[in-house]
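Chemist:
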Amino acid sequence: MYRLALVTYGILVSSAGVTFVFLEDIESDFGIGALGVGAVSSIGFVVTLLVALLVSPLGDRGHVMAIGAVGIATGIGGNLWLGVADELWSLLAARAIASFGLGAFGVATRKALIGESPDGSGEMLGSLVSFAVGGFLLGPALGSVLEGFGGIWVPYTAIAVALAIVALPVLRWLGAAPIAVSHTNAASMLPWLRRPRVRAAAAAQAAVFFNIGVFDSTVDEYLTSLGVSNNGVALVLIVVGSPLLIVPTFAGRAADSAQQPHRLLLVALFLFVPIVALIGVFETLIAFMVFAFCQTFMESVIFPSSARVVIDETGAEESAIGTGLLDAVGQIAAAGSALAAPTLFDLAGGPIGSFGMSAGVAAALLAYAASQVRLTTKTEVTPVRP
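Per the working numbering, residue 29 is the first one in the sequence shown, and the count goes up by one each step.
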């Protein structure tokens, strides 16, 4: 039954994919500039940040079924509103509600998956990443095809209907999941930041999500400038995102079996930096696809590895706030970059400015992550896997 929860998470993420492919249309239809596009892209990250901070402790307290129910309900409502939003404020509000649903259901699902298989949590969370990416990649294709049957409201309504269909069996699974409980609150996240390896994992997460914010808010405009249609954008995203459909499960399995998963994390981040820089250098479709494909391959390793590093520190009991901490750091990075990247893209006349910024930030975070691993002291208790 956990596979249906993965599918449900993918359905929720597909809403962001639908919005992604219509960003260029939204800019012209709503008459908003680069800052408005950045706001539409970034608000989802901001809301997910708040969910990670405020809802994750409730997951560790065992309220996964209630959190999942709220997540699905707000996901349905947000998508229905997205389909009929006709002003910028209503678009932002609807996207915020849909993002709350995604974030809440993600908290519940991660906690339940770790409870299902504590020793295989890297693999389980890697599978969750794969389904999330699958949903995001399905979104543009879904939006492009279904829009032709009556307008932009059709794909959003289809997502809401799909969520309603899967809701009851998924909620039953969440209610029966064997989870480890701990009485935590939002402040419980802070002590874990004293652990060097947690800080290293958070830095890696920030590097990847900073680039995701850049990617989400500028790539539609970039590909459109290269003469790629909406349908073409959907196809390109499927190709370049394909590693994230397959690799995270196997990378998570490797992290589960590794005695020092932080080493795998650092190697992947080291390779990630120059690849991101090269995306903005060669302004051709082929070059973009090659380097973006390599980028997503490295992301496929970084996501489950960083989660495994943190879960090794927190144990299953506080895994919700541990992974919530990673989520919060990532959302802060993505929100900031998504807001700034469209303006920088326009000022630089193309992707070299936005992706150059992303590569520079990733390089700084790589240096920080490496320094934190070296800072692991002899007094730090060797983490015991949950």
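Note that CB positions come from ideal geometry on N, CA and C, so glycine has one too.
Do the stretch 65-83 and the stretch 351-366 touch if we need at least three Cβ pairs shorter than 8 Å?
Modeler: Touching, per the Cβ criterion.
Chemist: Considering just the uninterrupted stretch of the alpha helix (DSSP H) at histidine 290, what are its terminal residues?
Modeler: First-last of the alpha helix (DSSP H) with histidine 290: 289-307.
Chemist: Taking Cβ positions, are serine 328 and proline 271 nearer each other than 9 Å?
Modeler: Closer than 9 Å, so yes.
Chemist: Spatial neighbours of threonine 405 within its chain, please: C-beta separation below 6 Å, excluding the five flanking residues on both sides.
Modeler: A caution first: threonine 405 carries a pLDDT of 42, below 50, which makes its placement in the model too unreliable to give a value.
Chemist: Give a yes or no on contact between the stretch 236-250 and the stretch 146-154, applying the rule of three or more CB pairs nearer than 8 Å.
Modeler: Not touching, per the Cβ criterion.
Chemist: On the three-state DSSP scale, how would you describe glycine 178?
Modeler: Residue state, collapsed to three classes: coil.
Chemist: Is isoleucine 303 closer than 9 Å to glutamine 323 when the C-beta atoms are compared?
Modeler: Closer than 9 Å, so yes.
Chemist: Cα separation between valine 409 and valine 337?
Modeler: Confidence in valine 409 is poor, its pLDDT being 48 and thus under 50, which makes the residue's placement too unreliable to answer from.
Chemist: When the Cα of phenylalanine 383 is compared with those of Val98, Thr277 and Ala305, which residue comes out closest?
Modeler: Cα-wise, what sits closest to phenylalanine 383 is Ala305.
Chemist: Assign glycine 99 to one of three DSSP states: helix, strand, or coil.
Modeler: In the structure shown, glycine 99 sits in a helix (DSSP, three-state: H, G or I).
Chemist: Would glycine 99 pass as a contact of glycine 72 if the rule is Cβ separation under 9 Å?
Modeler: Taking 9 Å as the Cβ cut-off, glycine 99 and glycine 72 do not qualify as a contacting pair.
Chemist: Am I right that leucine 120 and valine 68 are in contact with their C-beta atoms under 8 Å? What's the rounded C-beta distance?
Modeler: Between valine 68 and leucine 120 the Cβ distance is about 7 Å, and since that is below 8 Å, they are a contact.
Chemist: Are the beta-carbon atoms belonging to phenylalanine 133 and isoleucine 95 less than 9 Å from one another?
Modeler: Yes, the Cβ-Cβ distance between phenylalanine 133 and isoleucine 95 is below 9 Å.
Chemist: Please return the same chain residues whose Cβ sits closer than 6 Å to the Cβ of proline 379, not counting the five positions on each side in sequence.
Modeler: Hits under 6 Å: Tyr250 and Gly308.
Chemist: Got a sec? Which residues, its chain only, sit under 7 Å from arginine 265 by beta carbon, not counting five neighbours each side?
Modeler: Sequence check: residue 265 is leucine here, not arginine. Hits under 7 Å: Leu165 and Pro168.
Chemist: DSSP state of methionine 29, grouped into three classes?
Modeler: Note: methionine 29 maps to coil in three-state DSSP.
Chemist: Please work out which residues of its chain come closer than 7 Å, Cβ to Cβ, to asparagine 213, disregarding the five sequence neighbours upstream and downstream, and give them in chain order.
Modeler: So the list reads Pro85, once near-sequence residues are dropped.
Chemist: Going by alpha carbons, who is nearest to valine 35 out of Gly163, Leu394, Ser333 and Val92?
Modeler: Valine 35 has its Cα closest to that of Gly163, out of Gly163, Leu394, Ser333 and Val92.
Chemist: For chain D, check one thing: does any of its Cβ atoms lie closer than 9 Å to the Cβ of serine 399?
Modeler: You won't find chain D in this structure, because it holds only one protein chain.
Chemist: If distances are taken between C-alpha atoms only, which option among Ser118, Val135 and Ala33 comes closest to alanine 195?
Modeler: Comparing Cα positions, the closest option is Ala33.
Chemist: What span of residues does the alpha helix (DSSP H) with threonine 324 cover, start to end?
Modeler: That run of the alpha helix (DSSP H) goes 313-342.
Chemist: Nearest CA to the CA of isoleucine 180: which residue from Asn258, Thr342, Pro289 and Gln400?
Modeler: Isoleucine 180 has its Cα closest to that of Asn258, out of Asn258, Thr342, Pro289 and Gln400.
Chemist: Taking the alpha-carbon of serine 158 as reference, which of Ala215, Glu144, Tyr37 and Ser118 has the nearest alpha-carbon?
Modeler: When only C-alpha atoms are compared, the closest one is Tyr37.
Chemist: Thinking just about the alpha-carbon of each residue, which of Arg123, Thr47, Ile339 and Met29 is nearest to the one in arginine 225?
Modeler: Looking at the Cα atoms, Ile339 is the closest of the given residues.
Chemist: Can you tell me which of Pro332, Val209, Ala363 and Gly171 puts its alpha carbon nearest to the alpha carbon of serine 42?
Modeler: When each option's Cα is compared against that of serine 42, the closest is Gly171.
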